[in-house]
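Notes to accompany the following structure.
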Amino acid sequence: MQNEQLRPCMVRDSEVIETYRSLPDMERKIRVVKEAETHKGYFHTWGVEAYTTNGYLAGTVAGQVSILYGLVEYEDGTMHKVEPESISFIDATCKE
17 MQNEQLRPCM VRDSEVIETY RSLPDMERKI RVVKEAETHK GYFHTWGVEA YTTNGYLAGT
77 VAGQVSILYG LVEYEDGTMH KVEPESISFI DATCKE
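In this note's numbering, the protein residues as written are 17 to 112.
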């Protein structure tokens, strides 16, 4: 059931690839782990996850890390945490 208070949007999931070396010649190759997908959905809200790091690992700095995400309900009713740059709102055009 569509809620008139939610903004319709499109979510573009990026392609995921990995690099590996093949035997016996150790030639470097790339394979697609997950194909790019586009989903229609309804935007619910922005969310933030935050955690602290202690800096014990080499090359890391102690401090707080904060990650912004959008909470989007796909047309099939499933909820997803989505990176902001993957969301396109499709309900209105910009007016000058």
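Ideal Cβ positions, reconstructed from N, Cα and C, are used throughout, including at glycine.
In this text the structure is predicted, and so the values were computed from the model without any measurement.
- Given a length threshold of 3 residues, each whole run of the beta strand (DSSP E) inside the region 29 to 84 is given here in chain order: 32 to 38, 43 to 50, 53 to 69.
- Take the alpha-carbon of V27 and the one of T54: they are about 6 Å apart.
- Non-local C-beta neighbours of L84 in its own chain, meaning closer than 8 Å and more than five positions away in sequence, comprise W62, G63, V64, P100, ordered along the chain.
- For G75, the number of other beta carbons within 10 angstroms of its own is below 16, and it is reported as exposed.
- Going by C-alpha positions, S82 is about 4 Å away from A66.
- In this structure, the straight-line span from the alpha carbon of I106 to that of R23 is close to 8 Å.
- For I106, there is no enclosing beta strand (DSSP E), since its DSSP letter is neither H nor E.
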